[in-house]
Structures are given as C-alpha cells and as structure tokens.
Amino acid sequence: MIGQIIGGSYGEIWIRQKSGERIELGDLLVADDILLQVFDLEYGSLMEKNDIARISGMQLEGYGDTHVHENELRNYILVKAKPLFNLRTRRIPKHLPSFFNILRRASSEDFKFLEKPENAIYLGKIRSGSKILDVPVYINGKDALTHHILIPATTGRGKSNLVKVILWNLIGKSYAGVLVLDAHNEYYSYKKNGKNYGLKYHPDAKSNVIYYSTNPPVGERALRVNIKNVKPWHLREIIEFSPAQEDALYLYYKEYGEYWIEAILASDMNEERNKIKGVKPETLASLQRKLKVALEIDINKNGEVYERGKIFSTREGERTIRDICDFLEDGKIVILDTSSLSQNLELLISEMIMSEIFSRYKSYKEEGKLDYKPVISVVIEEAPRVLGEGKSNIFGTIAREGRKFNIGIIAITQLSSMIPREILANLNTKIILGNEMSSERKAIIGSAAQDLSKDDKMIASLDRGEAIISSIFTKFAIPIQIDSFEELVDRERVDRKRRENLLLFE
Ligand SMILES: Nc1ncnc2c1ncn2[C@@H]1O[C@H](COP(=O)(O)OP(=O)(O)OP(=O)(O)O)[C@@H](O)[C@H]1O
Ligand SMILES: [Mg+2]
C-alpha cells in the first residue's frame with residue numbers, strides 16, 4: 002500500500018501518499034481494478050498556513066527545538082492521478098474507484114492482457130514513472146505504418162534512436178518496405194566508443210537493407226539519378242515558376258518527352274534551335290537559369306548538358322529511382338544518405354521516389370493486387386519542411402490519402418505546431434518523447450488519439466527514451482521506455498555468439 006484515495010473527481014483523483022513512499026510523476030497505480038496515472042504532485046497539510054510559516058521561521062533562525070508533533074500525520078504529499086484503463090473490463094473506466102480505496106503500484110502481472118499483435122513492431126517496455134516493468138509493448142506494424150506515425154520531441158530526447166529501434170525490428174519482415182531519408186547519415190553505419198553500430202549490422206541486413214549515398218563507401222550504391230527521370234511536376238515544390246514558365250515546361254515535356262530538360266537548356270531563340278511556338282525568349286531564359294541552379298547542371302558550347310553537382314547525372318542513374326521503388330516493393334529498407342545534398346535536392350529525390358510508389362500502388366489497388374504488396378512507409382526528419390502550412394507535395398498527399406493505398410509516413414519533428422492540425426490529426430500513432438516547449442506540447446496533446454489534457458507536465462518531464470504512445474490502435478495512452486539502439490545491437494551480437502558456440506558444442 003502506498004496511498005489512499007481522499008477525494009477529487011473523475012479526471013483528477015486525489016491520493017494521499019503514505020509517508021516513506023515516493024510516488025513520482027507518471028507512476029502507474031491500481032485501485033479497484035482501475036489503472037491510474039499520476040499527473041501532478043502537491044503538498045498537503047492539516048496545519049494552518051501561519052503555523053507552518055512560524056515553525057519554519059523558528060527552524061531557520063535557530064529558535065531551539067521545533068519538532069512538529071505527528072509530522073507524518075499532519076503533513077503529506079497530495080498526488081493527483083487520472084484513470085487510464087479498467088484492467089478487468091479492458092475498457093476505458095467509467096466509474097470512480099471507491100472512496101478511501103488503498104492503492105498499490107501496478108506490476109507486470111497487471112498487463113498480462115496486452116497481446117502481441119500480428120506483424121508486431123516492438124517499441125519498448127511499459128514504464129511507470131521512471132521505473133521499467135518487464136512488459137514488452139508492441140504495435141501492429143501494418144496498421145501503424147499505413148496510418149502514419151508522428152515522433153515529436155525536443156532535440157536529443159531519442160527520436161532517431163527510436164526510429165532505429167523500429168527499423169531494426171522491421172529488417173527481414175517482408176510485410177513492409179521503408180524509405181529512410183537520412184539527412185544526418187546516422188542510420189546505416191556509425192561508430193560509437195570504437196564499436197560499429199547501425200542497421201548494417203543486423204544479421205539479415207545483407208539482403209534487406211539497401212544503402213545509397215552520394216559518397217558511397219566501397220561496395221555500396223551511388224545515389225546518382227539521371228535527369229531524364231525528372232518530370233515537370235516533380236519540380237513544383239522546389240522551384241517557383243510563373244504561369245508562363247509552367248506552361249513552357251509542359252510544352253517542352255510534351256514535345257521532347259524525357260529529353261525535355263536538355264531541350265530547354267539547349268534551345269536558343271536566335272537560332273531557332275528546339276524552339277517551341279508560344280514560349281517567349283525571356284521565359285525560356287529564366288527557365289534555363291532556374292533549372293541549371295536547381296538541378297546543378299549546365300550546358301557547354303557544344304550544346305552538351307553536363308552535371309555540376311553530386312546527384313543529377315546526364316549519363317548514369319537511369320534505373321536508380323526504379324530500383325529503389327522495386328526494393329521497397331520487395332519489403333526492404335532503403336536508406337538514402339542525403340547528408341551532402343541541399344534540402345531542395347533531398348525533397349526532389351524523395352518526391353520522385355514517392356510519386357512513383359504512389360502511382361504504382363494506385364494501380365495495384367485498381368487491379369485488386371494491393372493486398373499482395375508490402376505496405377510502404379517513408380521516414381522524414383524535420384517533417385514540417387514537407388508537411389507545413391501551404392505545402393503541396395507528395396507527402397501531404399500521402400498524409401491525407403496514403404492510407405487507402407497502404408502508404409504511410411513516419412514523421413519526425415521538433416515543431417509539431419508547424420504542421421497543420423488536419424494533418425496532425427491524420428498521423429494516427431504518436432510516439433511522444435520529452436518536450437520542453439509548451440506550445441509544442443499543446444499541439445501534440447490537441448491532436449492525440451486519447452485525452453492527454455492532463456499530461457502536460459508529464460510530457461515536459463520525460464527523460465531520454467521515455468515516451469507515451471497515443472494511437473488509435475492502443476486502448477489507452479501507454480507510457481513506455483524505449484530501448485537504447487546500441488544496447489539492442491550489442492545484445493544481438495552476444496546472442497549470436499552464444500548460438501554459434503552452442504552449434505560448436507553440438
Ligand atoms: N532509449 C534510449 N536509451 C538510451 N540512450 C538513448 C535512448 N534514446 C536516445 N539515447 C541517446 O541519446 C542521444 C540522443 O538521441 P537521438 O540522436 O536519438 O536524439 P534525437 O531526438 O534524434 O536528437 P536530434 O533532434 O538532435 O536529432 C544519443 O546519444 C542516443 O544514443
Ligand atoms: Mg535525430
């Protein structure tokens with residue numbers, strides 16, 4: 002017994018903490034089969050305010066013996082808790098636990114009812130305050146991925162770590178393909194304390210994790226894309242065109258097909274070369290300038306287009322986008338190291354890939370083949386870049402209607418408030434890590450699948466790797482502790498060694 006109910010109301014049950022016990026913010030308690038979670042703590046006292054101040058004054062100013070008679074009876078800590086779940090009926094509780102009910106801490110036994118769903122993704126262990134219970138928490142991968150996942154947190158709270166844990170568990174599972182736009186090159190392979198970590202070191206990584214980089218290490222794939230694969234509509238998000246310029250793009254595309262960019266660059270108004278009727282010289286000139294800058298290409302005196310940048314090529318990379326889409330459709334994890342690309346180029350590449358996936362999956366749906374294909378998700382860091390107000394790109398389309406085609410987003414952000422409410426509400430699983438900014442917490446709480454209106458202080462106090470899962474696929478908002486990715490990899494290595502040794506002895 003650690004406390005007793007002494008008042009309050011449905012969403013705010015008051016509990017007197019037993020002296021000598023320590024109840025923390027986020028602790029899980031049980032009364033009458035009802036699981037409660039602590040969301041606030043206060044001092045309570047039976048003494049008059051003035052008496053308290055007087056006693057304190059005497060202690061501080063050295064006025065002799067100021068022992069408070071029956072201190073543990075007269076002064077206590079008042080705990081405020083909210084009902085989370087009815088452990089017996091397995092529903093949202095609709096009644097109050099009885100008055101004066103004595104509480105106990107929740108234990109792993111209480112969570113026996115949590116089942117391992119189909120296509121389970123492991124997220125972490127149940128957490129009571131900062132204490133970890135030995136109860137693994139899973140979520141149905143197909144459901145969660147296609148209904149989008151939001152991972153909001155202040156920097157350094159463990160967003161990338163969580164995504165690595167999720168992906169590690171998805172490697173080799175053929176039901177999902179995931180595209181990772183890795184702006185910090187931190188997912189595939191990195192060193193920490195002299196040891197190698199990353200998704201590359203998963204035992205099934207060889208055939209299931211595909212890595213592309215603009216500076217590929219020996220044996221890895223080069224992220225090179227042929228400009229023939231760029232279509233006019235891919236560019237709308239990264240270049241601002243006037244209506245006349247936009248018309249010209251499409252005219253050239255219609256006339257020259259996949260050679261449209263080269264045709265624009267090579268066209269010369271004076272010599273009638275590649276000229277298209279109705280396109281004014283100024284329009285053409287500024288189109289040429291914009292395309293050269295955006296795609297990092299140029300043209301020489303002989304009219305040959307050449308590359309100046311790392312990614313777009315005039316000769317190589319004709320199959321890159323198609324290959325990446327094929328890998329995804331095969332249920333693999335594809336990591337693109339975009340660390341040395343400008344934001345615009347990263348967006349352009351992801352737009353090209355995801356538009357292709359989207360149109361493929363749209364036709365699978367029409368042909369009734371969708372159920373035989375893996376679901377596809379795309380991990381995007383700093384999500385407001387693409388999901389922010391006024392953006393019109395493939396990510397917005399996926400957030401709004403991707404679910405119909407089994408395509409989802411894993412959106413990572415420090416700034417949820419920059420994502421329009423309508424889209425936030427569409428991201429149906431939120432794995433909420435610590436956040437110091439109250440405006441951010443407000444945006445997250447306001448769009449969560451469960452009522453988290455009392456969770457503000459709890460979210461503010463979440464430490465690294467501590468999270469709350471709020472999802473339409475969980476019956477209540479589940480507090481969890483996420484594993485450290487590096488410990489996960491180390492454990493896997495130890496296990497593998499053990500298995501190998503066993504084999505030797507057999
Ligand atoms: N669950 C965890 N257990 C132990 N350590 C963790 C956990 N999550 C993160 N860390 C450690 O905390 C540090 C920061 O984590 P991480 O890079 O995942 O944060 P982030 O939220 O992605 O930060 P940023 O906003 O800078 O990208 C790393 O050193 C990581 O190893
Ligand atoms: Mg990160």
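Numbering-wise, my numbering puts 432 at position 431 of the sequence shown, and it's gapless, one number per residue. We put the beta carbon where it would ideally sit given N, CA and C, even for glycine.
Using only CA atoms, which one of the options lies nearest to residue i?
i	options	result
E13	E437, L26, A32, K81	K81
I410	S462, Y202, M355, D66	M355
T398	H148, P480, G466, V166	H148
P218	R105, D338, V31, L168	D338
Q246	I211, L61, K291, Y213	K291
L416	R23, L252, N102, I445	I445
L236	D33, F112, M353	M353
L42	D452, Y64, R55, Q18	Q18
K113	R91, Y123, N102	R91
L250	L224, D269, I277	I277
V138	F506, A478, N427, L88	A478
S208	Y176, P244, K333	K333
S340	Y191, D183, F474, R323	D183
E305	I93, R500, I262	I262
R55	G45, V69, V136	V69
D464	E402, N102, K132, E501	K132
L104	D327, E368, Q38	Q38
K374	L151, Q60, I358	I358
Are the beta-carbon atoms belonging to residue i and residue j less than 8 Å from one another?
i	j	result
L29	A145	no
P421	E382	no
I140	T414	no
K143	N170	no
F40	D456	yes
K443	F406	no
T321	V387	no
L296	I408	no
D491	G125	no
G178	L371	no
V376	V181	no
P98	A32	yes
S360	V379	no
R128	I395	no
L346	I312	yes
S190	K174	no
V136	S161	no
L163	I460	no
E22	I3	yes
G199	Y213	no
Hey, residue i and residue j are a contact pair by Cβ (cut 8 Å); roughly how many whole angstroms apart?
i	j	result
G447	R158	At roughly 20 Å, the Cβ-Cβ gap does not stay under 8 Å, so G447 and R158 are not in contact.
L36	L85	5 Å
E441	S418	6 Å
L238	K363	The sequence shown places Glu at residue 238, rather than the Leu named in the question. No, E238 and K363 are not in contact; Cβ-Cβ is about 20 Å, not under 8 Å.
Residues around ligand 2, please: the condition is that the C-beta lies closer than 6 Å to some non-hydrogen atom of it. K160, S161
Quick one: complete alpha helix (DSSP H) runs, 4+ long, within the region 362 to 427? 385 to 388, 395 to 402, 422 to 427
Any chance you could list the alpha helix (DSSP H) runs of at least 4 consecutive residues sitting entirely within the region 250 to 328, in chain order? Uninterrupted alpha helix (DSSP H) stretches at least 4 residues long and entirely within the region 250 to 328 occur at 261 to 267, 282 to 296, given in chain order.
Taking only runs that begin and end inside the region 67 to 145, name each unbroken alpha helix (DSSP H) of 4 or more residues, in chain order. As far as the region 67 to 145 is concerned, its whole alpha helix (DSSP H) runs of at least 4 residues are 72 to 75.
Quick one: which unbroken beta strand (DSSP E) runs of 3-plus residues sit fully inside the region 154 to 194? Chain order, please. 177 to 183, 191 to 193
In chain order, what are the residue ranges of uninterrupted beta strand (DSSP E) at least 3 long that sit wholly in the region 202 to 251? 210 to 214
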